[in-house]
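A.B. asks: Numbering (UniProt numbering), first residue to last: 1 to 244.
Every residue gets a Cβ at the ideal spot worked out from N, C-alpha and C, and that includes glycine.
1) Near residue 244, which residues of its chain fall below 7 Å by C-beta distance, leaving aside the five closest residues on each side in sequence?
2) For residue 115, tell me which candidate among 90, 46 and 130 has the shortest Cα-Cα distance.
3) So for residue 157, helix, strand or coil by DSSP?
4) With three or more C-beta pairs closer than 8 Å as the rule, is the region 195-206 touching the region 220-236?
5) Give the range of the beta strand (DSSP E) segment to which residue 217 is assigned.
6) Just the C-alpha distance for residue 103 and residue 220, rounded to the nearest angstrom, thanks.
7) Below 8 Å, how does it come out for the region 123-130 and the region 167-183: are there three or more Cβ pairs, yes or no?
8) What does the Cβ neighbour count give for residue 61, buried or exposed, with the cut at 16 atoms within 10 Å?
9) Pull up the distance between the alpha-carbon of residue 37 and that of residue 54, whole angstroms please.
10) Would you list, in sequence order, the uninterrupted beta strand (DSSP E) runs of no fewer than 3 residues that lie entirely inside the region 92-135?
11) From the DSSP output, in three-state form, read off residue 148 for me.
12) Is it true that the CB of residue 222 sits closer than 8 Å to the CB of residue 194?
13) What is the DSSP secondary structure of residue 143, counted as helix, strand or coil?
14) Between which two residues does the beta strand (DSSP E) containing residue 192 stretch?
15) Could you check the C-alpha separation between residue 239 and residue 233 for me, to the nearest Å?
16) Quick one: measure Cβ to Cβ for residue 171 and residue 88, integer angstroms, because I've assumed they're closer than 8 Å.
Laid out in structure tokens, this is it:
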């Protein structure tokens, strides 16, 4: 006789899934506009105080450095810094004609003293066109005269007569050659001319590490030459010091 099958045991009911509690938003509520402004003002004030303190420290350091420099300069046996060596090269006809247009005259000895103040003058040369026959025209001889006995060596370049009857003396090449020849003995080249053709010469001299100063009459100076120079001196601005 067969045994009756035992009834299957029912599985216990599944526990309901646990739903995680919603995460609370931890982002702080924005501050009111008034509080934000107050906080920003406080931060700006703190930053200002920090910058003022740093500026005071920097000023103190500068004073200490200046005091140290003075002590070193006046210390026994202290060697003074060598004065910059300068050469002055004058395109005489160019500058004299520019001065003529303004009815100005320059004492070139005073000009030389002005340009060389605090510096070591190595060479001063004025390049002037002249006619080979002094009886032809006083106009063609006059450019050299203002530089005679004024501390300049005067280089005279004879005029050339062209087929159209005009006469011209180009001193640019002589000026350029003399400057390039002297570069290793100069720290500063002072070019007295307003001729824009000298721009390339200025660039070459600067590339060799020598400073270039251009001296001329502002309104008669080519803009490219003026901009190429390390320093431009307008004769009109210093006329009271160099007037003849």
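C.D. replies: Reading it off the structure:
1) Taking the chain shown and counting its residues from 1, the one referred to as residue 244 is at position 244. Spatial neighbours of residue 244 in its own chain (CB-CB distance under 7 Å, excluding positions within 5 residues in sequence) are listed in chain order as 105, 106 and 107.
2) Residue mapping note: residue 115 aligns to position 115 of the chain shown, counting from 1. Per the C-alpha coordinates, the member of 90, 46 and 130 positioned closest to residue 115 is 90.
3) The residue labelled residue 157 in the question sits at position 157 within the chain shown. Taken through DSSP and simplified to helix, strand or coil, residue 157 comes out as strand.
4) The region 220-236, when compared against the region 195-206, does touch it at the 8 Å Cβ threshold.
5) Here residue 217 corresponds to residue number 217 of the chain shown, with the count starting at 1. Residue 217 -> no beta strand (DSSP E), and no H or E assigned at all.
6) Here residue 103 corresponds to residue number 103 of the chain shown, with the count starting at 1. Here residue 220 corresponds to residue number 220 of the chain shown, with the count starting at 1. Distance between the alpha carbons of residue 103 and residue 220: 13 Å.
7) With a cut-off of 8 Å on Cβ pairs, the region 123-130 is in contact with the region 167-183, counting three or more such pairs.
8) Against the chain shown, residue 61 aligns to sequence position 61. Taking every protein chain shown into account, the CB of residue 61 has fewer than 16 other CB atoms within 10 angstroms, so this residue is exposed.
9) Within the chain shown, numbered from 1, the residue matching residue 37 stands at position 37. Within the chain shown, numbered from 1, the residue matching residue 54 stands at position 54. Looking at the two C-alpha atoms, the distance is approximately 26 Å.
10) Within the region 92-135, the complete beta strand (DSSP E) segments of 3 residues or longer fall at 120-130, listed in chain order.
11) The sequence position of residue 148 within the chain shown is 148, counting from 1. DSSP places residue 148 in coil when its eight states are reduced to three.
12) Residue numbering aside, residue 194 sits at position 194 when the chain shown is read from its first letter. Residue numbering aside, residue 222 sits at position 222 when the chain shown is read from its first letter. Yes, Cβ-Cβ distance for residue 194 and residue 222 is below 8 Å.
13) Here residue 143 refers to the residue found at position 143 when the chain shown is read from its first residue. Coil.
14) What you label residue 192 is simply residue 192 of the chain shown in a count that begins at 1. DSSP places residue 192 in the uninterrupted beta strand (DSSP E) bounded by 188-192.
15) As a position in the chain shown, residue 239 is number 239, starting the count at 1. As a position in the chain shown, residue 233 is number 233, starting the count at 1. One C-alpha to the other measures close to 11 Å.
16) Sequence index remark: in the chain shown, residue 171 carries index 171 (1-based). Sequence index remark: in the chain shown, residue 88 carries index 88 (1-based). The pair is not a contact, with the Cβ atoms about 15 Å apart (cut-off 8 Å).
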